[in-house]
Ligand code: KIV
Ligand code: ZN
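Here is the structure:
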């Protein structure tokens with residue numbers, strides 16, 4: 003459907019949203035600030051290893067994200083290292099590190115983003131009465147002083163500074179204006195207005211942004227940004243309302259993952275602005291054809307499934323079930339489709355590769371599926387591809403995604419790896435698993451006849467060798483492709499010392515997938 007055939011947009015909202023545009027036809031550029039690697043990683047159990055973060059960062063850059071919030075460098079040495087490595091590797095997006103409003107955090111963030119071609123420090127300090135009184139125990143004057151000092155310090159290390167008054171949407175308007183004005187005077191170049199607890203409504207967001215633009219005298223010296231959480235299911239609507247009211251940046255995550263109910267979903271805000279550009283009069287740098295591949299990657303590396311009916315990237319997002327709809331679609335697609343599946347990156351062909359396919363064909367197919375494979379990484383995936391091609395005649399896209407994911411999830415220098423296993427099980431006797439693992443310096447073996455089946459026995463065997471006692475919280479097996487020779491992908495979640503860890507393993511044998519998934523989780527435990 004052509005966008006001009008949609009109902010007329012509310013003129014006042016469009017004029018309001020077209021801030022800074024020289025003519026009515028000029029579209030505003032909205033910056034996409036992705037926080038999948040920071041706020042997204044705060045989803046319980048969603049922690050990613052360095053390899054996974056680097057792969058996600060590469061794909062975010064290829065997607066056209068303007069700013070990648072790569073982590074919270076003070077949080078742990080691992081966080082610091084991943085922000086630094088992403089800053090070294092990615093040159094086409096700004097790399098941002100988060101910091102609380104204190105010297106240690108700010109210095110650590112500044113050091114982490116130092117290698118970036120374009121770096122940003124994101125400083126935050128809570129401003130709402132609830133947070134001032136109960137969390138910070140600070141007066142309004144102290145908050146303003148701390149915000150100014152923090153922004154000034156950050157600015158002494160970096161030109162590009164974002165300031166977030168945390169819980170801004172529940173902050174008294176007068177005080178919010180005061181803090182924002184002071185932060186801009188101190189050198190903030192972006193002012194982010196977070197709805198930290200997902201409480202606000204679209205109408206209220208609109209008014210807050212309008213109010214800031216009308217009342218803060220130096221507001222034109224900074225870009226206004228929106229950061230919405232989805233506790234009431236309004237994060238996307240709120241982000242778009244902020245854009246309509248003049249925000250120039252949206253903070254969002256792939257698949258909407260994030261703290262609690264998550265953040266605004268990047269794919270939804272981007273496609274809303276693209277499909278309804280007649281209304282929002284905005285553009286972004288996002289290459290929408292890359293949305294589905296990156297959605298799959300993030301789902302795989304975080305273990306957080308995308309619901310089937312999820313807008314834009316869900317498996318059913320373009321599936322038409324009703325006969326009336328199917329009939330309409332056959333006559334004219336636009337009767338029931340406002341975007342095409344190809345536009346967001348669903349690929350129709352499931353090209354088959356096989357044992358005679360070469361490295362270049364594999365790299366090319368992986369590229370279409372959204373993965374960068376080169377050098378040693380390509381070689382390792384190619385070796386696994388050849389082993390698989392010996393077991394299974396036809397290799398589908400799902401197999402390639404599973405192989406690449408296994409490679410990404412396997413952190414370099416990992417502690418434990420599988421050497422060999424043998425399993426026997428029958429109706430008459432208990433299952434038995436003989437397992438040998440390597441920890442890099444030596445091999446350790448056990449023979450276990452415990453458990454109520456071969457998978458349970460494999461669990462016992464891995465626990466005995468590694469000496470870690472795990473509580474299995476979730477265990478999912480699915481086939482990576484169609485067909486009875488398909489690879490089985492095991493996704494599991496285990497609890498260790500009160501924390502959740504994920505593991506993934508792929509093989510044509512489900513016992514091997516289980517062992518690989520357990521080792522993947524155990525290696526994450528050791529790394530953390
Ligand atoms: O939700 C929030 O307030 C945040 C800030 C750190 C911006 O994530
Ligand atoms: Zn947040």
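Residue numbers (my numbering): 3 to 530. Cβ coordinates follow ideal geometry from the N, Cα and C atoms, glycine included. Bear in mind that the values here come from a model prediction, so they are computed numbers and not experimental data.
Under the DSSP definition of a beta bridge, residue 438 partners with 422, 447.
Of the heavy atoms belonging to the ligand KIV, at least one sits nearer than 7 Å to the Cβ of residue 231. Listed in chain order, the non-local C-beta contacts of residue 94 below 6 Å within the same chain comprise 63, local neighbours out to five positions each way being set aside. According to the DSSP assignment, residue 228 belongs to the beta strand (DSSP E) that extends over 225-230. Along the stretch 27-55, the alpha helix (DSSP H) does not occur as any fully enclosed run of 4 or more residues.
In the displayed model, residue 284 falls within a strand according to three-state DSSP.
Runs of the beta strand (DSSP E) spanning 3 or more residues and lying entirely within the stretch 186-264 occur at 192-197, 225-230, 251-254, in chain order. Within 7 Å of the C-beta of residue 104 there is not a single heavy atom belonging to the ligand KIV. Only residues of its own chain outside the window of five on either side were considered, and among them 435, 459, 462, 463 have a CB closer than 6 Å to the CB of residue 450, listed in chain order. Here residue 61 really is in contact with residue 372; their C-beta atoms are around 6 Å apart, less than 8 Å.
Of the residues 111, 380, 492, 260, the one whose Cα lies closest to the Cα of residue 519 is 492.
Taking 8 Å as the cut-off, the Cβ atoms of residue 34 and residue 288 count as close. Secondary structure of residue 171 (DSSP, three-state): helix. No Cβ-Cβ contact shorter than 8 Å links residue 516 with residue 473. Proximity to residue 259 across 49, 479, 345 peaks at 49, based on C-alpha coordinates. From the listed residues 304, 337, 348, the smallest Cα separation to residue 316 is found for 348. Taking residue 217 as reference, the option from 202, 263, 182, 343 with the minimal CA-CA separation is 182. Judged by beta-carbon spacing, residue 420 lies beyond the 8 Å limit of residue 405, meaning their Cβ atoms are not closer than that value.
DSSP lists no bridge partner for residue 95. DSSP places residue 179 in the helix class (H, G or I) of the three-state scheme. Residue 525: member of the alpha helix (DSSP H) spanning 512-529, first to last residue. In the pairwise beta carbon analysis, the stretch 83-97 is classified as touching the stretch 114-133: at least three pairs are separated by under 8 Å.
In the displayed model, residue 497 falls within a strand according to three-state DSSP. Taking each of 196, 225, 240, 187 in turn and checking the Cα distance to residue 205, the smallest one comes out for 240. According to the DSSP secondary-structure assignment, residue 491 is paired through a beta bridge with 480, 508.
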